[in-house]
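Numbering (our numbering), first residue to last: 22 to 237. The C-beta atom is built at its ideal place from N, Cα and C for all residues, glycine as well. The structure presented is a predicted model; accordingly, all values stated were derived computationally and were not measured. Report on the following structure.
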């Protein structure tokens, strides 16, 4: 069995990102220019994190929510992420446009229909996450709620490269790997001390659990 990759998401400081790197993460992510999230960072902060990771083998993912094509171009030009992760209600046409410009795209989904649309449009990976509708609007991720593991497994059976997110922590890594067999595990709230601040011990425990279980 191939080793399951690990992404530590929602890093708000260089220090948190460096902890993830030292603990063995394959990718680190930052939510860029999305003020509704308590974990969002500015373009300047994202650029600093990216610049300081360039000498490592760890990939940097810029997570975005409902930005336009021009805004995504500007972000990409200034930050130079390895991957753009579209985590809102972006259209398949936007994925096509970004792919045509040579960008690597991951797309977050919560339904089979949207997964099919974004995969067909050319998203390199489909991230299955949980989202919550509230009176104040949609919370697109970081809810701590478990996503649809059955959907994730069905997509994998169809040959889709799947990133499993949603409520993952060191305690349920084993079950996630055994039941879903994703290409990558993505955690955010499961490794935090509080919103926007990582707990180094939880980060280390999560990555260690993922390595142990995917190698079993």
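query: Short Cβ contact (7 Å threshold) for residue 79 with residue 46; result: yes
query: C-alpha gap between residue 132 and residue 176, whole angstroms; result: 11 Å
query: Minimum C-alpha distance to residue 49 - residue among 139, 106, 233; result: 106
query: Exposure label - residue 180; buried when at least 16 CB within 10 Å; result: exposed
query: Helix, strand or coil at residue 120 according to DSSP, with G and I counted as helix; result: helix
query: Three-state class that DSSP yields for residue 222 in the structure shown; result: helix
query: Simplified DSSP state of residue 80, which is helix, strand or coil; result: strand
query: Contact belief for residue 169 with residue 149 at Cβ below 8 Å, rounded distance in angstroms; result: 6 Å
query: Through-space distance from residue 209 to residue 116, alpha-carbon basis; result: 24 Å
query: For residue 215, the residue or residues it bridges with in DSSP; result: 218
query: Pair within 7 Å by beta-carbon distance, residue 184 and residue 146; result: yes
query: For residue 100 and residue 71, believed in contact at Cβ under 8 Å, the rounded distance; result: 5 Å
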